[in-house]
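S.K.: Numbering (my numbering), first residue to last: 14 to 166.
Backbone N, C-alpha and C define an ideal beta-carbon position, used for all residues, glycine too.
Just so we're clear, the structure is a prediction, and the values are computed from it rather than from any experiment.
Have a look at this one before I ask anything.
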Ligand code: CO
């Protein structure tokens with residue numbers, strides 16, 4: 014496993030649409046391992062492959078219940094609206110309010126190539142929406158109101 018470099022806002026790769034994973038092989042599994050390791054290293058709750066410079070539709074999320082790996086994820090249902098204060102490892106020290114669905118259902122493949130789905134709510138739903146936006150080249154700052162900069166001490 015290896016820590017990968019996180020791309021930051023201004024890097025054009027963050028603005029590109031990620032491509033579907035066509036074959037889940039050892040390289041993809043290695044990438045998933047590196048993504049988790051990188052996410053934990055920087056205390057994130059989610060990471061999308063474009064954030065480490067890989068334009069593939071892969072995200073990892075851990076909102077406190079263990080690692081979730083999503084390959085080619087798709088939101089198939091959503092409901093409600095809720096506002097969250099968000100940040101992003103690719104936009105350090107910046108936070109802002111984003112309106113997200115309160116609940117989502119996401120369908121994806123796991124590393125075994127099996128179809129999985131999760132019914133997520135609240136911060137898990139938020140993390141899914143935030144990470145899936147990265148796959149479209151969208152950052153939370155595009156959607157946020159009252160962005161503020163909070164410098165680390
Ligand atoms: Co992000």
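#1: Would the segment 44-56 count as touching the segment 25-32 if we require 3 or more Cβ pairs under 8 angstroms?
#2: Quick one: any contact between the segment 100-108 and the segment 120-128, if contact means 3 or more CB pairs under 8 angstroms?
#3: What residue range does the alpha helix (DSSP H) around residue 136 cover?
#4: From which residue to which residue does the beta strand (DSSP E) around residue 118 run?
#5: In chain order, what are the residue ranges of uninterrupted beta strand (DSSP E) at least 3 long that sit wholly in the segment 45-100?
#6: Using the rule of at least 16 other Cβ atoms within 10 Å of the residue's Cβ for burial, across every protein chain shown, is residue 6 buried or exposed?
#7: By DSSP's criteria, residue 112 is part of a beta bridge. Which residues make up the other side?
#8: How is residue 40 classed by DSSP in three states: helix, strand or coil?
#9: Just to confirm my understanding: we take residue 163, look at its own chain, exclude 5 residues before and 5 after, and list those with CB closer than 7 angstroms. What are they?
#10: Would you say residue 85 and residue 117 are within 7 angstroms of each other, going by their C-beta atoms?
#11: Give the straight-line distance between the Cα atoms of residue 143 and residue 152, rounded to the nearest whole angstrom.
#12: With DSSP as the reference, label residue 125 as helix, strand or coil.
#13: Pop quiz: residue 138 and residue 113 are said to be a contact at Cβ under 8 angstroms. What is the actual Cβ separation, rounded to whole angstroms?
M.R.: With the given structure in hand:
#1: no
#2: no
#3: Position 123 of the chain shown holds residue 136. Start and end: 135-148.
#4: Stepping through the chain shown from its first residue, residue 118 is reached at position 105. That run of the beta strand (DSSP E) goes 116-122.
#5: 59-61, 71-74 and 81-92
#6: Coverage of the chain is limited to positions 14 through 166, which leaves residue 6 absent and any answer about it impossible.
#7: Position 99 of the chain shown holds residue 112. Answer is 96, bridged to residue 112.
#8: Position 27 of the chain shown, counting from 1, holds the residue named residue 40. Helix.
#9: As a working note, residue 163 is residue 150 in the chain shown. 106 and 108.
#10: Within the chain shown, residue 85 is the residue found at index 72, counting from 1. Within the chain shown, residue 117 is the residue found at index 104, counting from 1. No, the Cβ-Cβ distance between residue 85 and residue 117 is not below 7 angstroms.
#11: Sequence index remark: in the chain shown, residue 143 carries index 130 (1-based). Sequence index remark: in the chain shown, residue 152 carries index 139 (1-based). Distance between the alpha carbons of residue 143 and residue 152: 8 angstroms.
#12: Start at 1 with the first residue of the chain shown, and residue 125 comes out as number 112. Note: residue 125 maps to coil in three-state DSSP.
#13: Within the chain shown, the letter at position 125 stands for residue 138. Within the chain shown, the letter at position 100 stands for residue 113. Between residue 113 and residue 138 the Cβ distance is about 7 angstroms, and since that is below 8 angstroms, they are a contact.
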